[in-house]
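Working notes, structure below.
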Amino acid sequence: MNTEKDLRRKYSELLFAKQNEQRYPEQKGYVKEREKIERQYWDAVLKSKLPKEQLETMEKQVINEIEEFAGLYKQNVENDLDSDKDRETFKKLFMQKVLEELSEPEPNQQKEATPFNRQQYEAKAKEFEQKYGYDVVYALKREVLDEIKEMDLTPAQQEKLQQIETELEKERKMHQELVETQKNSKKEASTQRTNNRTMEARYKQSEFLTGVENDYTRNNKIDKKQQVEHLTNEIEQDIEDYFATPERLKEYLSFIGNFHQYSFKNTALIHSQFQGATAVASAKFWKDNGFPVKKGEKGIQILVPNKTDPKFKTEDGKWKRIEDATDEEREKLEANQLENKRSRLSFSVGHVFDISQTEATSSDLPHIFPKKWLDGQVENYKATLESLKNVANEMNISVGEPFDELGAAKGAFYYDDSGKRNGHIGLNPRNSELQNVKTLLHELAHAKLHHVKHKNHQKLSTAEKKFQAEMTAYTVASYFGMDTSDYSLSYLANWTQGKNLHDKEKLLQEVRETATEFIRVMEEGLNKQKTMQHEFEENKDTINNLFWYEMKERPIGDNSQPKGFVDWREGEGMHGIVAYERKLTADELAEFGMQPYEKKKLKESNKQKEAALSMEA
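All residue numbers for the sequence shown refer to full-length UniProt numbering, where the first residue is 1 and numbers rise by one.
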């Protein structure tokens, strides 16, 4: 286990325990819980032997992360409250508008003055639609009209209301046709664009979508804020496109697997601008690695986060970073005697380039990105299965035989009632190795996304959970070059009905995050096995085809090494050197405290043995 990672987790638990103790001082259970966690934390600190300075830095980082999370959580709650408030305000305004149109003054009687202001409504409605989208506007209008239907209306008012409903449906149809036109326009433009299309062409293509006057030239650049807004709008349109057909969704899932290090939104941007991209990086990165970007190539736009430092205003009226404050200034800040402003997150437009836009070739990729797994078809399914078990271990889930007869089912997930583990995945003994890998991927995706402890456990239907797990499994399998022809996303059509953009974006975001985590852990395991494979080759005696290992601490005997060795020699300090006709597994080496015996030492040992035999002769 990662020592510092474990300490960070324990320290976080300790801080939360202290908060609970302070919040509920009358409840003694929180005191005992804090004392227990504190003992566990300091025991772990002593075992880690972490230097004091490193420990203090780690603790400060954890405190800062918790404070930042609390701030973001508060901001999200406030945003949700603002959203609810905005929706209620819009509904109220639309209700007033409709009731105004339905009002029937008596003959020879003037209409009473009404607080409804049509100009104000139009402005608010436009602002609301820009912020939340037309689908939300339509749904809220539909709610208002349904509420008015329940009122005691005259026949004339009912007829007017029906006309308003008809107009609303016409409006919606026109909007859908407009969106479809935009999609078709975008697809047609996409087929005509080359991978290195210019910025000017890109902004002209989006002119109809954004309503921005696009006379982009080198000397007349569009405002940065407008660029960010434009890219954000295009992301939303791309997300809708991904859900058009199962084929398009599969194409995108394969793409995000290759770009799991980028954010969800930036992956969508890269995909929409440069289909077929394999590896992207900044111009500086390519240049530093000896592969400059080709002359005339245009960058792929992405959103770059920019976080400002928290600052305060000094007594002479100048703004200064809080981390540069003097002790005296810090005291005044804590006493709220100085004006200050928190850190802010904003976005700007940055550019990256695909490897095909540089002087590099695909054969250079392993040197540029040494951690990227580029073996193509995964021939060693056992290695992949072991790497998936590493994923399961990180989730505290065991993998092995099923607890009952599965019949035709490929696998099953069992919850652990004891609480020691988060569960067990049983694989059908009849499975092929490839089927085991795919089944384990699918079940791990379910466990990560839909475990009873997960927030989505109750929110999604069984079919929706299966759909999301299948998307995750497809993404990872595609990344590692496995056969994905039998993956089915047939539930796509049913799931997309009635789902808004937020639902779709959230679904893809969770799939991406889960696939990214799986790929990271699997690559670590696979790369480790590659290194071990190299060590195995180094310890093979090609003369008699034996694999030699040395005991790191214990001498041979008393079951201190796996059974089946065919030769042995005495090593330094009475530690034995043992030969096998097969390679030992990583588990065997770990269990018996053994390591591959270096080929250089082996050759020297063979020379000594041959010399001894010749002397005897």
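Ideal Cβ placement from N, Cα and C applies to all residues, glycine included. Remember, it's a predicted structure, so these values are computed and weren't measured experimentally.
The beta strand (DSSP E) enclosing A412, as first and last residue numbers: Sequence index remark: in the sequence shown, residue 412 carries index 412 (1-based). Unbroken beta strand (DSSP E) run through A412: G411 to Y414.
Closest Cα partner of D6 within the set A44, R34 and N20: Mapped onto the sequence shown, residue 6 falls at position 6. Nearest C-alpha to D6 among A44, R34 and N20: A44.
Taking the DSSP output, what are the residues bridged to W319? By one-based count along the sequence shown, residue 319 stands at place 319. Paired residue(s): K313.
Which residues DSSP lists as bridging W548, in chain order: What you label residue 548 is simply residue 548 of the sequence shown in a count that begins at 1. DSSP, once it has assigned bridges, lists A579 as partnering W548.
For N289, does the three-state DSSP call read helix, strand or coil? The count along the sequence shown starts at 1 and reaches residue 289 at position 289. Reduced to three states, the DSSP call for N289 is coil.
Give the single residue among E359, E165 and K311 whose Cα lies nearest to the Cα of A283. As a working note, residue 283 is residue 283 in the sequence shown. Closest by C-alpha distance to A283, out of E359, E165 and K311, is E359.
Straight-line Cα distance separating K410 from K28: Indexing the sequence shown from 1 puts residue 28 at position 28. Indexing the sequence shown from 1 puts residue 410 at position 410. Going from the Cα of K28 to the Cα of K410 covers about 49 Å.
Hey, is the stretch 411 to 430 in contact with the stretch 473 to 480, meaning 3+ C-beta pairs nearer than 8 Å? Between the stretch 411 to 430 and the stretch 473 to 480 there are fewer than three C-beta pairs closer than 8 Å, too few to call the two in contact.
Any idea what DSSP makes of H271, helix, strand or coil? For the purposes of this step, residue 271 is taken as residue 271 along the sequence shown, with counting starting at 1. H271: helix per DSSP, three-state reduction.
Neighbourhood of S103 by C-beta distance below 6 Å, restricted to the same chain and skipping five residues each side: Stepping through the sequence shown from its first residue, residue 103 is reached at position 103. The beta carbon of S103 sits closer than 6 Å to no other beta carbon from its chain once the five residues preceding and following it are set aside.
For the alpha helix (DSSP H) that contains D43, what are its first and last residues? Locating residue 43 in the sequence shown gives position 43, counting from the first residue. Here the alpha helix (DSSP H) through D43 covers K28 to S48.
State the DSSP-derived secondary structure class of K307, mapped to helix, strand or coil. Numbered from 1 along the sequence shown, position 307 holds the residue referred to as residue 307. Correct three-state label for K307: strand.
Roughly how many whole angstroms lie between the Cα atoms of F274 and E517? Stepping through the sequence shown from its first residue, residue 274 is reached at position 274. Stepping through the sequence shown from its first residue, residue 517 is reached at position 517. Looking at the two C-alpha atoms, the distance is approximately 25 Å.
From L546 to K528, what does the alpha carbon distance come to, in whole angstroms? For this step, residue 546 is matched to residue 546 along the sequence shown. For this step, residue 528 is matched to residue 528 along the sequence shown. Looking at the two C-alpha atoms, the distance is approximately 23 Å.
Go ahead and pull the three-state DSSP assignment for A561. As a working mapping, residue 561 is identified with position 561 in the sequence shown. The sequence given here places Gln at residue 561; Ala does not occur at that position. Of the three classes helix, strand and coil, the one that applies to Q561 here is coil, per DSSP.
Length of the line joining the Cα atoms of R344 and R520: In the sequence shown, residue 344 corresponds to position 344, counting from 1. In the sequence shown, residue 520 corresponds to position 520, counting from 1. Their Cα atoms are separated by approximately 30 Å.
Output the boundary residues of the alpha helix (DSSP H) element that contains L140. Within the sequence shown, the letter at position 140 stands for residue 140. First-last of the alpha helix (DSSP H) with L140: Y134 to K149.
Could you have a look at F403 and say whether DSSP puts it in helix, strand or coil? Taking the sequence shown and counting its residues from 1, one reaches residue 403 at position 403. Here F403 sits in coil by DSSP.
Our contact map puts V352 next to V293 with C-beta atoms below 8 Å; I'd like the distance itself, whole angstroms only. For the purposes of this step, residue 352 is identified with residue 352 of the sequence shown, where counting begins at 1. For the purposes of this step, residue 293 is identified with residue 293 of the sequence shown, where counting begins at 1. Going by Cβ atoms, the distance from V352 to V293 rounds to 10 Å, so no, they are not a contact pair.
Go through its chain and collect everything with a Cβ distance to H175's Cβ below 7 Å, but skip five positions before and after it. Within the sequence shown, numbered from 1, the residue matching residue 175 stands at position 175. Excluding residues within five positions, the ones whose Cβ falls inside 7 Å are Y134.
Quick check on DSSP: helix, strand or coil for D354? Working through the sequence shown from its first residue, we reach residue 354 at position 354. Correct three-state label for D354: strand.
Quick check on Y131: buried or exposed, where buried means 16 or more other Cβ atoms within 10 Å of its Cβ? Translated into the one-based positions of the sequence shown, residue 131 becomes position 131. As written in the sequence, residue 131 is Lys, which differs from the Tyr given in the question. When all chains shown are included, K131 counts as exposed.
What's the call for L178, buried or exposed, on a 16-neighbour Cβ count within 10 Å? Walking along the sequence shown from the start, residue 178 turns up at place 178. L178 comes out exposed.
So D354 packs on A447, CB below 8 Å; how close in whole Å? For the purposes of this step, residue 354 is taken as the residue at position 354 of the sequence shown. For the purposes of this step, residue 447 is taken as the residue at position 447 of the sequence shown. The Cβ separation is near 35 Å, so there is no contact.
Give the straight-line distance between the Cα atoms of L269 and R430, rounded to the nearest whole angstrom. Locating residue 269 in the sequence shown gives position 269, where the first residue counts as 1. Locating residue 430 in the sequence shown gives position 430, where the first residue counts as 1. So the alpha carbons of these two residues sit roughly 43 Å apart.
Alpha carbon to alpha carbon, how far is Q120 from I397? Give it in angstroms, no decimals. Indexing the sequence shown from 1 puts residue 397 at position 397. Indexing the sequence shown from 1 puts residue 120 at position 120. For I397 and Q120, the distance between alpha carbons rounds to 58 Å.
Start-to-end residues for the beta strand (DSSP E) that takes in S446: Counted from its first residue, the sequence shown places residue 446 at position 446. Reading off the sequence shown, one finds His at residue 446, where the question assumed Ser. For H446, there is no enclosing beta strand (DSSP E); the residue is part of the alpha helix (DSSP H) that begins and ends at E433 to H450.
Cα-Cα separation, D416 to H451: Here residue 416 corresponds to residue number 416 of the sequence shown, with the count starting at 1. Here residue 451 corresponds to residue number 451 of the sequence shown, with the count starting at 1. Taking the straight line from one Cα to the other gives about 12 Å.
Using the Cα positions of E4 and D86, report the straight-line distance between them to the nearest angstrom. Counting from 1 along the sequence shown, the entry for residue 4 is found at position 4. Counting from 1 along the sequence shown, the entry for residue 86 is found at position 86. Rounded to whole angstroms, the separation of the alpha carbons of D86 and E4 is 45 Å.
Quick check on DSSP: helix, strand or coil for K341? Taking the first residue of the sequence shown as 1, we reach residue 341 at position 341. K341 falls in the strand class under three-state DSSP.
Cβ neighbours of E247 in the same chain (closer than 8 Å, five flanking residues each side left out): By 1-based counting over the sequence shown, the position of residue 247 is 247. Closer than 8 Å at the Cβ level, and outside the excluded window around E247, lies no residue.
Let me know if W373 comes out buried or exposed under the rule of 16 or more other beta-carbons within 10 Å of its beta-carbon. Sequence index remark: in the sequence shown, residue 373 carries index 373 (1-based). The predicted position of W373 is uncertain, since its pLDDT is 35 and thus under 50; a value taken from the coordinates is nonetheless stated next. Burial call: buried.
Out of S356, P310, P25 and Q96, which one is the CA nearest neighbour of L338? Taking the first residue of the sequence shown as 1, we reach residue 338 at position 338. If we check each option's Cα against that of L338, P310 comes out closest.
Which of the three DSSP states, helix, strand or coil, is assigned to L427? Residue numbering aside, residue 427 sits at position 427 when the sequence shown is read from its first letter. L427 falls in the strand class under three-state DSSP.
According to DSSP, simplified to helix, strand and coil, what is S348? In the sequence shown, the residue the question calls residue 348 occupies position 348. Strand, per DSSP.
Contact defined as beta carbons within less than 8 Å: I believe G525 pairs with N390. What is the distance between those atoms, to the nearest angstrom? On the sequence shown, position 525 is the one that residue 525 refers to. On the sequence shown, position 390 is the one that residue 390 refers to. Indeed, because the Cβ distance is near 4 Å, the residues count as touching under 8 Å.
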